[in-house]
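2 protein chains.
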Amino acid sequence: MDHFHKLSEAEAVINTPKQEENEEEVDPERSMLHRPLLKENQTLSSNSIAVVGVGAKVSHIESLDYEINENDLFKQDWRSRSKKDILQYIFSKWLLAFLIGLLTGLIATLINLAVENIAGYKLLVVVEYIEQKRYLMGFAYIAVANLLLTLVATVLCVCFAPTAAGPGIPEIKAYLNGIDTPNMFGAAPLFVKIIGSIGAVSAGLDLGKEGPLVHIGCCIASLLGQGGPDNYRVKWRWLRYFNNDRDRRDLITCGSSAGVCAAFRSPVGGVLFALEEVATWWRSALLWRTFFSTAVVVVILRAFIEYCKSGNCGLFGRGGLIMFDVSGVSVTYHLTDIIPVVVIGILGGVLGSLYNHFLHKVLKVYNIINEKGKLPKLLLSLSVSLFTSICMFGLPFLAKCRPCEPDLLDRGCPTTGGTGNFKKFNCPAGYYNDLATLLITTNDEAVRNIFSINTSDEFHIFSLTLFFILYCILGLITFGIAVPSGLFLPIILMGSAYGRILGIIMEPYTKIDQGLYAVLAAASLMAGSMRMTVSLCVIFLELTNNLLLLPITMIVILIAKTVGDCFNPSIYDIILELKGLPFLDAHPEPWMRNITVGELADHKPAVVTLSGIEKVGRIVEVLKNTTHNGFPVVDIGVVPPMGAPNDAAELHGLVLRAHLILVLKKKWFLQERRRAEDCEVRQNFTSMELAERGGKIDEVRVTKDEMEMFVDLHPLTNTTPYTVVESMSVAKAMVLFRQLGLRHMLIIPKYQAAGVHPLVGILTRQDLRAHNILSAFPQLEKSAGNKRGH
Amino acid sequence: MDHFHKLSEAEAVINTPKQEENEEEVDPERSMLHRPLLKENQTLSSNSIAVVGVGAKVSHIESLDYEINENDLFKQDWRSRSKKDILQYIFSKWLLAFLIGLLTGLIATLINLAVENIAGYKLLVVVEYIEQKRYLMGFAYIAVANLLLTLVATVLCVCFAPTAAGPGIPEIKAYLNGIDTPNMFGAAPLFVKIIGSIGAVSAGLDLGKEGPLVHIGCCIASLLGQGGPDNYRVKWRWLRYFNNDRDRRDLITCGSSAGVCAAFRSPVGGVLFALEEVATWWRSALLWRTFFSTAVVVVILRAFIEYCKSGNCGLFGRGGLIMFDVSGVSVTYHLTDIIPVVVIGILGGVLGSLYNHFLHKVLKVYNIINEKGKLPKLLLSLSVSLFTSICMFGLPFLAKCRPCEPDLLDRGCPTTGGTGNFKKFNCPAGYYNDLATLLITTNDEAVRNIFSINTSDEFHIFSLTLFFILYCILGLITFGIAVPSGLFLPIILMGSAYGRILGIIMEPYTKIDQGLYAVLAAASLMAGSMRMTVSLCVIFLELTNNLLLLPITMIVILIAKTVGDCFNPSIYDIILELKGLPFLDAHPEPWMRNITVGELADHKPAVVTLSGIEKVGRIVEVLKNTTHNGFPVVDIGVVPPMGAPNDAAELHGLVLRAHLILVLKKKWFLQERRRAEDCEVRQNFTSMELAERGGKIDEVRVTKDEMEMFVDLHPLTNTTPYTVVESMSVAKAMVLFRQLGLRHMLIIPKYQAAGVHPLVGILTRQDLRAHNILSAFPQLEKSAGNKRGH
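These protein sequences, in sequence, are chains A and B. For the first sequence, UniProt numbering begins at 1 and goes up steadily by one. For the second sequence, UniProt numbering begins at 1 and goes up steadily by one.
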């Protein structure tokens, strides 16, 4: 009993400073979310906070809660759920998966259509100016057009949806890990992402629409699941089952795979990307449902491509379902081919990690610029756009005109307008400019040209080197600007350039086609930077349609990933860390075995608990003074059923902030300290209301009289939160926490005795992060060694 | 305190009957493992046992334990593990993955080589007899050759490794779910599987080498991980880290994907098969490692195929890396093609579930035959072989000879020996026998012929119908005989036959090639029977090398699986149930939310606990009288550190049977009731000894004096077993149990008070199986409704 009273006193002391701590912290956090790339989250990761912020939520980035909330009301709901409801639920899950696929496919087609037409007509005009030798006019035209397109994208991003900048994949990854970045999956990001992506890609910036498409897929999934944008939600009855974090997680996983599928026209690759790169939790049922979504996407894409073949879609319609087909080349292996394959793999790993390293530095600098306000952001985007225009237009003049081979003269060499491998640009008839072939075109077309097979003499090594250097620079400076941007295409472009250079150097020694060099090098650079394996392999298989290439692709990717992992983490992990998102890794660090959760709990401020029947005043006070999202409910002096002495203490469970606020809003107060009847509760709360989130304590008004009344928390309490014994190692506890996707984990005492408080502490995501534990326990650092250093 | 005494008394009563129960049960269980297909495990699933056999292991099929065992000694081991050790561990993990791939690839090549040569030369002789019109001699030759080959396979299976019969995939699935079927992954099954598979497949039986190859991959993985066969194990120091269930699980997952890859030459499909169909737990690191293994396999296969192209391998060497290439046909879609696609999907689902249904019945009958001893098993195999020979040889005489098309006359129509689409058989020159093309050949070749594209008039509908009916019968009667047999190929053959029939019927309405009909129908039948999705899609993509077919394949598979799921579970689940393996499903049943773990524990005999410092006599008694594998260690009257009254009870943890036996074997006894010093323990036990499993209590001799001595169990106890509170619903507890791969889960009381026993019960796999819970709580049946009925 002494122990418990001590605890209560501790709480009283602790609540006041916590409030200050919060107020001081919330604002910078808030504002950080409106930057395109959040700066390193000092409140979370700096060493200045020695005490792990346990329970105290130091950030407005909320955790998600995948635990089944077993309170009396929810139990009632399950029991009353009829067979019809269950069938309805299953049906609507599949319907949503279908709709996600359908809408993602449609939007992807829309974006493709818009980009190809805008960029295509823009380039046609430029080519015409060049034909007429009006180079300056051509440059002015392309520069202004690009600036305008970039402006649209940037203004949308800066003013309406700052979260739509960048690829969005790190935030999706974080969401599926249990971190809810605010304003991430709403209607505004969706809209801005679509229009912004069209603008940015048509502006010829060195970025892809692939990452944004993944985000678009997730936004669609989220909006469908909640019945529309936040403020205009359709509250269909059959959507009520999706109003929980678990089903939303499944929907967003579906959305991400549909997005990848739409981006690369790669249904299996999409499923695997979601599985390997994005998702933290996976179930076999999900495999099937995401597969269904991607099947729908691919059918939609296919239908539109068939429709556009007849020329109904302007300049769009070439390409077919397979984006970069290299199936035309036969692949034979010789033992000597091992050497170039290994070289490509190692180079991919080294270059990929170098790219990650420098991109990290650039993003840090950009954060400083972006912090300064909206105008600097805008100017940054525009200057990158201008630089891109200058290089794209100016560099081809440095390349020499090369004569078309005689047998190609009547097969589209040189071309002026439209697509084609041999662009005329400033050259006389019968000659082509190989650098213009790569630069005066859309990014997709550039990849298609550089992947082209059986064209070993097409590109000069000087042009390729110039192209490679240019795209290294552009790849670094473009990604961080405030427009929707994907990383896939820039990396593919860089990779294919160095691959083709390597192919020219290695030509005397091997028989591998230069186009295949480009494909393999692109794959290796992707693996070196993004560290994906199986999904990348399948995406490349589906992009290039050459099954015989698969074994080499696998080896190249494996080598590149292994090499890259020696230097630094994957680019998405780097961005996650930059954004300060508390991502929980799959594996506990080895030194986590040397510390128990009890020791962790001792280091934190004492936990704030409520009684089973609590005074309204105390609830209000607790809600106002803390930002915790769950409060353990402890009953002291209950009479246990088996007749033990009645000083037994009982950990009744965990009550959520949202439910406490609901109680206050409904003013469901009792005059005296008594247990509420079952029917009383059920009259007042529906399970639909309980599933709602996000009420704020400031919206609640409680009179002074009401403050003295009571609330019976028992029916609202999740009576079976997952618990661990205080002597459990952090490593083991973390496995439990992550595998089950928890938000709170209660620590119970090892000893069972009278007077022992039934709760030792509460653990949240922040407490289990390696960095936070090391800050609180620097002595572990030694045993951690340099395992942590990237 | 009362409560606790009551418990102890209960134990004394319970131990005696339990012993009898065990003796009576162990023998039939043991013998059951020597049947090719275990009969329905009555002790586990019959309704006669109303009480769930909690804790009491009713079967010799052991559970695996994936929990990290946190006892003092293991902790010591982690702390002392140096950086070198960790690097060594990582390196050897990759080395093992490499070796698994290498050996699986080599053995797969060996099997292919042997099968193609044995079957090839056998068929060449038969064809020669037919050329000479010596039909009866031809039949005698093929029948005797097939009988001999079947005899070899069956004798090996029956006498040396009964577990090698069948595909092995269900047992692998069970192993990865945590169920250790004995003698499954040793040297004997490996050897028998290789030779038996060669024999059975060359004998022309309707079975594939695909399933056995998966089992072979797993055997290799297991043997490599433990350093050789059980009796001749190499105890390399660096293999010590793999002597635990977690690392073995990873290795076997690797092995299974390497096996699938070797079977279908499908690296990505192999990884996905392991992920979707076989594995219960999955981590992203595993994705990468299995991918590495399959890459090695595919390189090995590729190298051998290149080598064999020059004719060094006898009749083997045709085919190339892609087994059933249909990339030569261009796929265009029309809206009208939807109808046949949907029809194929629905038919695949219906036929697949029908096949499952009838195979279930046949296997039940076979179990009765197989129980009768070795001779009936042998006779069954031989009669199936004879029946197959008769049909294979006799049926082609029923087909009419068809004239070769003029333009094919000089391109291998008709062929006599060797491969080819148009077999002459009994026909005059210039004519071919279409049924002989499908029957007088190896199974692989038959698939290749029936998948062949642009040959719309080759097969007559009569021949195809005959072929279909024959393979339906053979597919049902062949699978259960005592030889290594895979299900993939029989299903592909059945599916392709009905697909082609459908293609002929639908010909006026669609433009899809008949070969593609066969491919799609094979995929749909596989999905309808095995219920795989993504992995099947990728396997078919890698088998047929036609990327444009992917969208339709996806749709067909999705429809077939959905339809099939309406009728019965997948064929592997049916076999799992037939074998009585206690497989734990991914999802808790909805009614599991209505029962708490406390209620479950109340229904079981009281749990057998040990004291922290226990008398040797009691330990021996407990080990002899129970078959439990873990015993909770409870200390009563300890003094908790924070100064609570000293009647505190403490749940110290869980001690494993293996460790208790180790203590007894080492005779590490204390004269008086005291705690052992740390150094005492460390002198006596190494963590390597603790990792060993499988000592038996019968091997231990303890004198009467020693019986009165004491053992300090504290240092050997896993102090942090995962626990749940008694009020938790079974649904939630099951999620925890399965997600973390537990073997024991302790139930602790909700109330914290003096005199409350700190342990309510212990849950094992058997307790959480839906069937067992429903037997104990028939009232739940009502709420379960007909959800359970397959």
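We put the beta carbon where it would ideally sit given N, CA and C, even for glycine.
If you look at residue 763 (chain A), you'll find it isn't in any alpha helix (DSSP H); it sits in the beta strand (DSSP E) that goes 761 to 763. The beta carbon of residue 164 (chain B) lies closer than 7 Å to those of 157, 189, 192, 193, 196, 484 in the same chain, with the five residues before and after it left out.
In this structure the region 485 to 501 of chain B touches the region 440 to 448 of chain B; the number of beta carbon pairs closer than 8 Å is three or more. Chain-ordered, the chain B residues with CB closer than 7 Å to the CB of residue 533 (chain A) read 287, 288, 291. The distance from the Cβ of residue 532 (chain A) to that of residue 171 (chain A) is about 18 Å, inconsistent with a contact at the 8 Å cut-off.
With a minimum length of 4 residues, the unbroken runs of alpha helix (DSSP H) contained wholly in the region 110 to 185 of chain B fall at 135 to 159, 169 to 177.
Between residue 698 (chain B) and the set B:757, B:627, B:738, the nearest pair of CA atoms involves B:627.
With fewer than 16 other beta carbons inside 10 angstroms of its own, residue 365 (chain A) counts as exposed. Residues of chain B whose Cβ lies closer than 7 Å to the Cβ of residue 537 (chain A) are, in chain order, 268. Here residue 293 (chain B) is near residue 101 (chain B), since their CB atoms are less than 8 Å apart. Within the region 177 to 232 of chain B, the runs of alpha helix (DSSP H) at least 4 residues long that lie entirely inside it are, in chain order, 187 to 202, 210 to 226.
When Cβ-Cβ separations below 8 Å define contact, residue 725 (chain B) makes contact with chain A.
When C-beta atoms of the region 109 to 118 of chain A are compared with those of the region 223 to 234 of chain A, fewer than three pairs fall below 8 Å, so the two segments do not count as touching. The DSSP-derived three-state label of residue 745 (chain B) is strand.
Within the region 545 to 562 of chain B, contact with chain A at the beta-carbon level (separation under 7 Å) is assigned to 545, 547, 548, 550, 551, 554, 555, 558.
Excluding its 5 nearest sequence neighbours in each direction, residue 160 (chain B) has C-beta neighbours in its own chain below 8 Å: 188, 191, 192, listed in chain order. Residue pairing of residue 432 (chain A) in beta bridges, as defined by DSSP: A:402. Under the Cβ criterion of 8 Å, residue 713 (chain B) is not counted among the residues facing chain A. Contact with chain A is absent for residue 97 (chain B), since none of that chain's Cβ atoms lies less than 8 Å from the residue's Cβ. A direct Cα-Cα distance of roughly 55 Å separates residue 522 (chain B) from residue 429 (chain A). By the neighbour-count criterion, in which 16 or more other beta carbons inside 10 Å mark a residue as buried, residue 311 (chain A) falls on the exposed side.
In the three-state DSSP reduction, residue 484 (chain B) falls in the strand class (E or B). The Cβ-Cβ distance between residue 357 (chain B) and residue 568 (chain B) falls below 8 Å. Below 8 Å, enough C-beta pairs join the region 425 to 439 of chain A and the region 387 to 397 of chain A to call them touching: three or more. Taking the C-beta atoms as reference points, residue 665 (chain A) is found nearer than 8 Å to residue 700 (chain A). Spatial neighbours of residue 707 (chain B) in its own chain (CB-CB distance under 6 Å, excluding positions within 5 residues in sequence) are listed in chain order as 616, 617. Contact between residue 571 (chain A) and residue 711 (chain A) is absent: CB atoms are separated by about 49 Å, not below the 8 Å threshold. The residues 395, 398, 435, in chain order, have a CB closer than 7 Å to that of residue 466 (chain A) in the same chain once the five nearest residues on each side in sequence are set aside. The C-beta distance from residue 768 (chain A) to residue 734 (chain A) rounds to 5 Å, short enough to fall under 8 Å. Here residue 437 (chain B) is not bridged, per DSSP, to any residue. For residue 710 (chain A), the uninterrupted beta strand (DSSP E) segment begins and ends at 710 to 712. Residue 659 (chain B) carries a helical assignment under DSSP once its states are collapsed to helix, strand and coil. Annotation: residue 175 (chain A) has no Cβ neighbours in chain B at a cutoff of 7 Å; minimum Cβ distance is about 17 Å. Under a criterion of Cβ atoms nearer than 9 Å, no residue of chain B is adjacent to residue 668 (chain A); the nearest Cβ is some 24 Å distant.
Under the 8 Å Cβ criterion, the region 543 to 561 of chain A does not count as touching the region 577 to 589 of chain A, having fewer than three qualifying pairs. Taking all protein chains shown into account, residue 236 (chain B) has fewer than 16 neighbouring C-beta atoms within 10 Å of its C-beta and is therefore exposed.
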